[in-house]
Amino acid sequence: MPTAPQTTDELLQALQENDRRPYGRTRTVTAEELVEAAEEFTEPVPLIYALLELQEAYTYGSEPRKSPVVFARLLNLFDEQPDVFDERLRHMLFWRFKWVANALLALPEIPLAGLRQWQTEMRDRYEKADLGLQPYYGQAYQLAAHTGEDTALAFELWAGRPRTRLSDCEACEICERALYHLAAGDDERALRVWEPVLAGKDSCQEEPARSISHALLPLLRTADVERAVELHLAGYRACRRNASMSGEVGRHLEFCALTGNEARGLELLGDNRGLFDEVDSPRDMLDFLTGVEVLLRRIEHLGHGELPAAGYPGRTWTVAGLRAEVGNRADDLAASFDTRNGTTAHADRRRARIERLPLLDTLELTLRTRSLDDIVTALPAAAPATRTITVAPESLSELIVQARVLDDEGHPDAPAAWARLRTLTAAGDYVHPDDPEVGPLVRLRADLLDDEANRAGDKDEFAAAKSLYEEAASLYDVADAPGQAAIARACALLAAAEDVDEGTEAKAAALTAAHASMVVLHEETPGFSPVHEARLLRLRATALGLRLQTSGSEEHSAPVFAEVDLLIEFATRHDVVGQVSGGLLLRAGTHALSRDLPTALTAVDDLVDRLKDHGPAWHLPRAFGLRGRLQIGLRAAEAAHASLSEGLRLAADWPAQAVDTSRLHRDLAEVCMHLGRPDEALRHLTRSAELDLRHGSRTDAYCTYGNAAQLGLDLGRVEDCIALLDSLMTEPDVVAGELDDRLLAQLRLTRARALHAGEDLKAATAELVALAAESADWEDDPGSHAMIAAETAVLLGEAGEFDRAREAVAQALAAHAQAPRYDQLSNCLRELARLQAQEHGAEGLTDALAFLADAQRIAEEAREAEYETRGRSLDSALAYEHGRVNAYAGEHEDALAALERALALLGEPEPGDDRVGEWAECARFAGAVEGIYLERVSPALTRLDAAISLLTASGHTKEAEPLTALTTRLRDEK
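In terms of numbering that gives the first Met the number 0, the sequence shown is numbered consecutively and its last residue is 973.
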């Protein structure tokens with residue numbers, strides 16, 4: 000807190016501001032400082048409010064040891080000065096007796112007699128104040144349930160009594176009733192009791208998140224799997240990183256462990272690593288640790304105890320190590336509670352959870368479904384995920400020779416062989432074989448550098464690839480391997496040309512120069528083997544093909560065909576099978592780049608037939624992929640789907656990176672959208688992204704995941720979208736700030752929109768406010784800042800924070816002046832005007848009209864710039880909003896005039912008019928203003944009847960229905 004409040008008004012304002020903060024250390028520390036400030040005032044009421052805020056911060060910040068101490072001060076103030084407690088303060092005081100009872104229950108060091116003594120104090124106080132005792136019996140039942148003794152009697156004494164003003168909220172009581180039936184083994188009855196809470200009809204600070212966490216396993220046991228998934232996503236989001244709901248987080252981890260989602264469980268554990276240090280409630284910690292242990296035991300049982308896991312701060316943990324630590328700590332906690340209570344209830348419950356068997360082998364919880372094997376593959380020290388080579392050589396010499404043969408063939412197993420050799424040569428005791436067929440160590444070093452360069456190039460890391468190729472070429476020179484040195488230099492030339500990022504002409508020129516240098520290199524290098532010479536010819540053709548792709552110039556087509564013909568002729572003559580099919584694939588692709596799709600399709604059809612007969616089989620997935628893309632271009636979506644699906648089926652036989660399985664999934668997603676199968680498209684997008692992420696193409700992966708998240712949001716799968724983006728936010732490069740800031744901003748923007756769609760206005764607003772602050776520094780992209788600031792302003796308006804909304808609008812307008820965003824700014828200003836008038840009525844009219852005046856200037860600027868809107872006309876939309884704003888403010892004559900102006904701007908609807916919906920709404924609204932609010936029913940009916948006739952005559956009967964309903968209402972009232 001920068002400065003202490005100097006007046007009681009400042010103190011109360013500071014308390015209100017702190018109340019808007021999320022629970023946690025920042026809010027708690029501020030509350031403590033405000034109590035110190037309140038103690039300086041002579042009036043007791045500010046101190047009472049400060050103490051109430053501090054107790055709330057301790058209660059929901061999971062610090063139960065401190066909550067009773069604060070309440071004792073409040074109770075002393077009440078005993079000493081009861082008159083300063085008005086009805087509201089008195090209600091809050093008596094309500095919080097229950098908070099203290101729960102806090103004491105959570106502390107095993109508090110004797111059982113002390114718990115009962117406090118409950119007696121609560122009962123005596125309630126009786127003295129003439130308050131109903133149902134809340135007291137509710138606490139008595141919770142104590143019985145906690146100890147595991149006399150629960151049935153305690154339940155009846157509580158549940159059979161009528162509720163009072165001080166009873167727990169209905170949602171919390173429903174949860175307690177359901178848990179009673181759940182403990183009795185009656186899942187179905189528990190779920191029936193829970194239904195109002197699970198359906199969102201009853202809620203509070205902790206509900207429905209608490210109920211959801213307990214209901215997940217009963218839902219699975221009663222076969223309501225789809226609902227369990229839905230509630231897991233929504234419920235976890237409500238409790239993540241929340242110290243006071245750490246037990247709920249633990250049950251979500253348990254749910255993951257028992258449904259084959261151990262990898263997601265590890266991810267969620269990492270997302271909540273702070274809870275190990277933040278939770279001060281022993282009872283909450285016991286619940287959390289037990290859920291963690293269920294997850295870790297399951298992972299260890301599956302043979303992955305060596306995986307890293309997020310745990311207590313100060314050291315790194317493996318699954319096995321953390322499981323042992325968590326188990327010991329949780330055992331101690333359970334024993335401390337049972338010792339205090341004189342029962343074995345906590346140890347028994349804990350044992351039951353730990354020994355529970357999985358309920359499902361697999362269950363798709365999110366759009367990003369991963370296995371523990373995927374996590375192993377993604378670890379930095381892990382070797383690339385590849386197939387096991389069919390015949391593993393027995394000796395080191397054989398392995399080196401086999402790796403070179405596979406590499407010359409372009410075989411998908413070559414990277415696995417090089418990876419194995421890289422591991423062997425890195426060992427301190429490596430001894431290179433003295434074998435003439437293998438050659439010197441320097442040649443193997445060159446081979447490994449060449450493979451490393453290939454992998455860098457596959458990830459578009461062209462500068463790194465160039466450097467590695469050049470280093471490999473130098474080592475090949477030392478090893479007296481001129482053909483391979485020439486190929487490495489040619490690859491370096493190509494990588495350098497691909498790294499040019501100075502426009503189309505510069506890149507095309509670089510590729511031209513690279514090709515010319517390759518030709519010289521070819522002519523000057525003696526002693527090529529046919530395999531290596533064919534490979535160099537392929538590189539020459541590739542350089543020209545990339546030039547054609549870059550420039551799109553027709554004059555660049557013929558040179559590509561000439562080089563491809565040279566490659567195919569040479570490879571055919573020397574029986575280099577892989578380069579024959581590679582050349583044929585290049586030829587088909589060149590026809591496609593030359594915009595001759597039918598010829599390209601014929602060529603790739605012939606290639607597919609050849610590959611089926613002569614191989615190599617691993618070229619088939621790429622050939623089917625190209626055929627599918629050509630068919631998309633020819634608008635043969637069904638045929639494209641069949642080709643791409645076949646390519647994907649064949650790709651399963653080979654390492655995904657070698658046959659570009661990720662691209663096949665992306666292309667299938669595109670064709671699925673053409674076929675109207677968005678859910679299938681979504682599956683392919685997420686699979687493509689995960690493959691790219693696994694193989695190091697992280698930028699591509701995040702872009703594809705971003706597309707998947709947006710598609711999920713468009714499909715109304717809001718929780719899926721949020722869960723996917725939350726998962727991405729935990730990736731190491733995102734956490735470390737290594738991801739491109741604009742790409743990350745786009746992911747966060749989509750997340751904010753999804754949170755808004757999911758009615759989490761507070762979280763959505765916080766995300767957008769943070770994004771707006773960051774994008775303000777994007778000097779090279781003011782347009783994006785204008786758009787983000789505009790969206791932020793609208794959400795602030797929805798939250799009723801119009802002062803902050805105006806600040807955001809000012810930022811948006813300033814950025815818009817540099818890079819116009821007419822549609823977004825007009826939409827923002829009109830919406831803010833509506834929100835202002837809707838919330839404040841006539842008092843908000845002036846401010847609302849000020850927003851509309853800015854929107855008017857935007858519309859005028861758009862006209863001057865001859866800007867064509869992508870949706871509604873800015874002028875007609877503005878006129879309609881004037882009508883709505885004035886109607887909210889009670890200025891109905893002005894509203895009617897504005898609506899008539901909107902109708903005039905739109906013009907009468909015609910068949911096929913895409914503005915008919917807007918026109919019909921304007922006509923309906925005008926009729927409602929005139930007939931209902933101005934009470935001029937006859938003119939209103941005349942207006943509406945005419946509009947209905949126009950709509951019906953132009954074939955827009957559906958749009959006429961709301962108008963017909965309004966005329967019926969007006970005639971009935973008349």
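C-beta atoms are modelled at their ideal positions from N, C-alpha and C, and glycine is treated no differently.
Secondary structure of Ala903 (DSSP, three-state): helix.
Going by C-alpha positions, Phe287 is about 12 Å away from Asp279.
Between Ala854 and Leu949, the alpha-carbon positions lie close to 31 Å from each other.
Here Ala864 carries a coil assignment [DSSP, helix/strand/coil]. A Cβ-Cβ separation of about 4 Å places Ala668 in contact with Ala680 under the 8 Å criterion. A straight-line Cα-Cα distance of about 45 Å links Ile857 and Gly627. Taking a 10 Å sphere around the C-beta of Val768, we find 16 or more other C-beta atoms and assign the residue as buried.
Counted as a single uninterrupted DSSP element, the alpha helix (DSSP H) harbouring Gln810 occupies residues Phe801 to Gln817. The residues Gly796 and Glu797, in chain order, have a CB closer than 7 Å to that of Leu834 in the same chain once the five nearest residues on each side in sequence are set aside. Within the same chain, Ile567, Ala570 and Thr571 come within 7 Å of Val579 by CB-CB distance, once the 5 residues on both sides are set aside.
If the five residues before and after Ala751 are omitted, its C-beta is found closer than 6 Å to the C-beta atoms of Ala763, Glu766 and Leu767, all from its own chain and listed in chain order.
Contact check between the segment 422-430 and the segment 450-460: fewer than three CB pairs, one atom from each, fall below 8 Å, which does not count as touching.
Per DSSP, the continuous alpha helix (DSSP H) segment holding Glu679 begins and ends at Pro677 to Arg693. Under DSSP, Thr317 shares a beta bridge with Pro307. By the Cβ-count criterion, Asp691 is buried, with 16 or more other Cβ atoms from all chains shown falling within 10 Å of its own Cβ.
Straight through space, the alpha carbons of Leu395 and Ala416 are spaced by roughly 11 Å. Judged by beta-carbon spacing, Thr365 lies within the 7 Å limit of Ala722, meaning their Cβ atoms are closer than that value. For the pair of segments examined, the segment 142-157 was found to touch the segment 340-354: the number of CB pairs separated by less than 8 Å reaches three.
Cβ neighbours of Leu492 within its own chain (closer than 7 Å, five residues either side excluded): Ala513, Ser516 and Met517. The residues Gln54, Thr58, Ser66 and Phe70, in chain order, have a CB closer than 8 Å to that of Trp98 in the same chain once the five nearest residues on each side in sequence are set aside. Here Glu899 has Ala925 as same chain residues with Cβ atoms under 7 Å from its own Cβ, once five neighbours each way along the sequence are excluded.
Leu268 is the residue among Leu114, Asp944, Leu268 and Tyr887 whose C-alpha sits nearest the C-alpha of Ala308. Rounded to the nearest whole angstrom, the C-alpha separation of Gly588 and Leu663 is 16 Å.
Setting aside the 5 residues that flank it on each side, Leu274 is surrounded in the same chain by Arg240, Ala242, Ser245, Val248 and Phe287, each with a C-beta closer than 8 Å to its C-beta; the list follows chain order. Residues of the same chain with a CB within less than 6 Å of the CB of Ala505, apart from the 5 flanking positions on each side, are Val499 in chain order. Assignment of Gln204 by DSSP, reduced to helix, strand and coil, places it in the coil class. Taking 7 Å as the cut-off, the Cβ atoms of Ser210 and Cys174 count as close. Distances from the CA of Leu181 to each of Asp167, Leu216 and Leu165 were compared; the closest alpha carbon is that of Leu216. One Cα belongs to Pro81, the other to Arg367, and the distance between them is close to 57 Å. Note on geometry: alpha-carbon atoms of Asp201 and Glu229 lie some 18 Å from one another. A straight line joining the alpha-carbon of Thr289 with that of Val325 spans about 8 Å.
Residue burial is scored here from C-beta neighbours: Lys611 has fewer than 16 other C-beta atoms within 10 angstroms and is therefore classed as exposed.
Around Arg250, the same chain offers Ser212 and Gly290 as residues with beta carbons nearer than 6 Å, after the five sequence neighbours per side are excluded. DSSP places Asp595 outside both helix and strand once states are collapsed to three, so it counts as coil. With respect to Ala262, Leu371 sits close: the two C-beta atoms are nearer than 7 Å.
By the Cβ neighbour-count rule, Val519 is exposed, with fewer than 16 other Cβ atoms within 10 Å of its own.
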